[in-house]
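A.B. asks:
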Amino acid sequence: MADVLIIGAGPVGLFMAALLLQDGVDVQVLEQRSAPDPHSRAIGIHPPALAALARVGVGEALVAEGVRIRRGIAVARGKTLAEMSFAGVSDRFPFILSLPQGRTEALLERRVNELDDGAVHRAVRLTGLSDDGATVTVDVVTPRGAVRCEAQLVIAADGVRSTVRALQGIAVRVKDYPDSYVMGDFADGTGFGPDAALFLAGAGIVESFPLPGQLRRWVVRLGAGDITASDSTGGLTDGPLSAGVFSAGVLSADGHRADARWLMQRVRERTGVEIDPGTNSMLSSFGVRTRLARRMVAGRTVLIGDAAHEVSPIGGQGMNLGWLDAAALAPIVAAAVRGEDVAGRLRAFQRTRLRAAARAARQAEINMALGRPLTDGLLAVRNTAIGGVAAVPAVNSRIARRFTMH
59 MADVLIIGAG PVGLFMAALL LQDGVDVQVL EQRSAPDPHS RAIGIHPPAL
109 AALARVGVGE ALVAEGVRIR RGIAVARGKT LAEMSFAGVS DRFPFILSLP
159 QGRTEALLER RVNELDDGAV HRAVRLTGLS DDGATVTVDV VTPRGAVRCE
209 AQLVIAADGV RSTVRALQGI AVRVKDYPDS YVMGDFADGT GFGPDAALFL
259 AGAGIVESFP LPGQLRRWVV RLGAGDITAS DSTGGLTDGP LSAGVFSAGV
309 LSADGHRADA RWLMQRVRER TGVEIDPGTN SMLSSFGVRT RLARRMVAGR
359 TVLIGDAAHE VSPIGGQGMN LGWLDAAALA PIVAAAVRGE DVAGRLRAFQ
409 RTRLRAAARA ARQAEINMAL GRPLTDGLLA VRNTAIGGVA AVPAVNSRIA
459 RRFTMH
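For reference, each letter of the sequence shown is one residue, going 59 to 464 in the numbering used here.
1) Give me whichever residues DSSP pairs with PHE267 in a beta bridge.
2) What residue does the alpha helix (DSSP H) around PHE73 start on, and which one ends it?
3) Can you list, in chain order, the residues of its chain with a C-beta nearer than 7 Å to that of PHE153? Leave out the 5 residues immediately preceding and following it.
4) Since VAL355 and LEU321 should fall inside the 8 Å C-beta cutoff, what is the C-beta to C-beta distance between them, to a whole number of angstroms?
5) What runs of the beta strand (DSSP E), each 3 residues or longer, lie entirely inside the segment 127-189?
6) In the structure shown, what three-state DSSP assignment does GLY446 receive?
7) Is it buried or exposed, ALA418, if we count other Cβ atoms within 10 angstroms and call 16 or more buried?
8) Alpha carbon to alpha carbon, how far is ALA392 from ASP399? Give it in angstroms, no decimals.
9) So, helix, strand or coil for ALA458, using DSSP?
10) With DSSP as the reference, please indicate the residues paired to LEU408 in a beta bridge.
11) Going by DSSP, name the residue or residues bridged to GLN86.
12) Measure the C-alpha to C-alpha separation of VAL308 and ARG324 and round it to an integer number of angstroms.
13) When the Cβ atoms of the segment 220-235 are set against those of the segment 341-352, are three or more pairs found closer than 8 Å?
14) Using DSSP's beta-bridge definition, name the partner residues of GLY211.
15) Compare the Cα-Cα distances from ASP61 to each of ASP81, ALA209, ILE333 and report the closest residue.
16) Let me know the alpha helix (DSSP H) ranges lying completely inside the segment 353-413, each 4 residues or longer, listed in chain order.
17) In chain order, what residues of the same chain lie with their CB nearer than 8 Å to the CB of VAL70, ignoring the 5 residues before and after it?
18) VAL205 by DSSP, collapsed to three states: which one?
19) Can you tell me which of the three DSSP states LEU321 falls into?
20) Does the separation of the CB atoms of GLY160 and PRO94 fall below 9 Å?
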């Protein structure tokens with residue numbers, strides 16, 4: 059019997075655990091994976107999320123390991139069309155932090171272990187859940203057999219394919235998009251330093267972000283001649299290369315499976331930048347869809363993070379949304395454990411966080427629309443408009459604040 063069971067030991071579940079443990083709440087975290095995922099999925103941490111993460115004592119460690127992106131530039135045909143500074147978005151964190159998700163999770167888990175080294179349980183698969191109005195009972199399978207656990211509350215941070223959400227029968231609204239992307243991490247020889255760069259090419263946008271260790275991530279929007287071969291669920295697939303080919307796969311128009319060299323050629327064609335395919339350390343493809351749960355609260359169960367809302371990775375808001383869910387929920391959960399009536403606060407939490415997710419989904423739609431393939435005439439119009447808007451300081455500042463989730 060624990061005060062709170064958290065299902066999922068990803069970045070959102072671990073942050074939730076740290077917040078509650080610091081407040082004296084007895085927490086147990088159940089994770090299906092037997093080991094942490096070392097690969098670099100999400101990389102961007104926005105200022106509001108950094109401020110929240112600092113509350114559990116990991117802010118300084120994250121900043122020390124990450125790259126501080128203080129500026130983004132938009133480039134077309136080798137010329138810089140626009141610049142966006144993040145200097146004014148936050149007094150404490152005037153930047154977007156770039157750090158691979160695997161390192162972020164590791165630092166969060168280290169903090170949880172400092173607070174309670176017996177809180178995280180791996181290789182635990184959830185099979186059942188029931189709520190009698192006073193406690194929640196969950197059935198799990200562990201390497202040693204079946205176990206039944208009880209808690210006052212269950213918090214589901216178990217991702218886009220949430221078992222908790224399915225067991226609770228919570229419906230989701232799904233919207234699929236025609237956009238597909240390939241991304242990869244390579245040694246950085248660009249000279250962009252800590253800047254993020256968006257290349258506004260007619261065949262589709264190319265995004266480029268610095269990573270620690272003199273690496274750079276490249277994200278290429280697939281054009282009309284590129285056909286996604288799998289990963290049709292819209293989820294991100296990520297993992298080590300196998301013979302230079304990633305498992306999700308993308309087929310080019312001539313039927314060849316994409317690899318690091320294929321991505322290098324797309325980057326060269328659209329940006330003129332040369333990258334070395336031999337330095338590739340991660341390659342992945344992803345499609346895009348939005349999933350918004352109809353509700354986040356069901357009795358004594360609360361969904362947070364991707365279990366409650368999936369938005370496009372373009373813009374890097376998904377993981378940050380989950381952290382802000384946790385920051386908003388933690389004081390409510392602590393109050394509930396103390397015996398306070400929190401029904402009204404949970405309703406307000408659900409309303410405001412679903413509204414925040416809908417805003418993030420709309421912002422992601424705008425980001426994707428700006429990066430879609432265009433004819434030369436429309437490309438010139440778009441690029442001129444972006445340059446003109448960015449030249450107005452007040453508008454530029456407002457867009458920077460919106461982009462960084464303020």
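By construction, the Cβ of each residue, glycine as well, lies at the ideal position given by its N, Cα and C atoms.
C.D. replies: Well, looking at it:
1) Here the question's residue 267 lines up with position 209 in the sequence shown. Answer is ARG275, bridged to PHE267.
2) The residue labelled residue 73 in the question sits at position 15 within the sequence shown. Looking at the DSSP string, the run of the alpha helix (DSSP H) that includes PHE73 is 69-80.
3) Walking along the sequence shown from the start, residue 153 turns up at place 95. ARG126, ILE127, ARG128, PHE144.
4) Translated into positions along the sequence shown, residue 355 becomes position 297. Translated into positions along the sequence shown, residue 321 becomes position 263. Not really, about 42 Å apart at Cβ, beyond 8 Å.
5) 129-134, 137-143, 154-156, 183-189
6) Counting from 1 along the sequence shown, the entry for residue 446 is found at position 388. If DSSP states are grouped into helix, strand and coil, GLY446 belongs with the helices.
7) The residue labelled residue 418 in the question sits at position 360 within the sequence shown. Buried, because 16 or more other Cβ atoms sit within 10 Å of the Cβ of ALA418.
8) Translated into positions along the sequence shown, residue 399 becomes position 341. Translated into positions along the sequence shown, residue 392 becomes position 334. One C-alpha to the other measures close to 11 Å.
9) Here residue 458 corresponds to residue number 400 of the sequence shown, with the count starting at 1. If DSSP states are grouped into helix, strand and coil, ALA458 belongs with the helices.
10) For the purposes of this step, residue 408 is taken as residue 350 along the sequence shown, with counting starting at 1. Rather than Leu, the amino acid found at residue 408 in this sequence is Gln. BP columns for GLN408 are empty, so no partner.
11) The residue you call residue 86 lines up with position 28 of the sequence shown. DSSP, once it has assigned bridges, lists LEU63 as partnering GLN86.
12) In the sequence shown, residue 308 corresponds to position 250, counting from 1. In the sequence shown, residue 324 corresponds to position 266, counting from 1. Residue placement at VAL308 is poorly supported in this model, since its pLDDT is 49, which falls under 50; the coordinates still yield a value, given next. Near 13 Å, if we compare the C-alpha coordinates of ARG324 and VAL308.
13) yes
14) Here the question's residue 211 lines up with position 153 in the sequence shown. The sequence shown places Leu at residue 211, rather than the Gly named in the question. VAL62, per the DSSP bridge assignment.
15) On the sequence shown, residue 61 is found 3 positions in, with the first residue counted as 1. Comparing Cα positions, the closest option is ALA209.
16) 376-395
17) The residue you call residue 70 lines up with position 12 of the sequence shown. Only ALA215, ILE362, GLY363, ASP364, MET377, GLY380, TRP381, ASP383, ALA384 meet the Cβ criterion.
18) Translated into positions along the sequence shown, residue 205 becomes position 147. Of the three classes helix, strand and coil, the one that applies to VAL205 here is strand, per DSSP.
19) Indexing the sequence shown from 1 puts residue 321 at position 263. Helix.
20) Walking along the sequence shown from the start, residue 160 turns up at place 102. Walking along the sequence shown from the start, residue 94 turns up at place 36. Yes, the pair counts as a contact, with Cβ atoms nearer than the cut-off.
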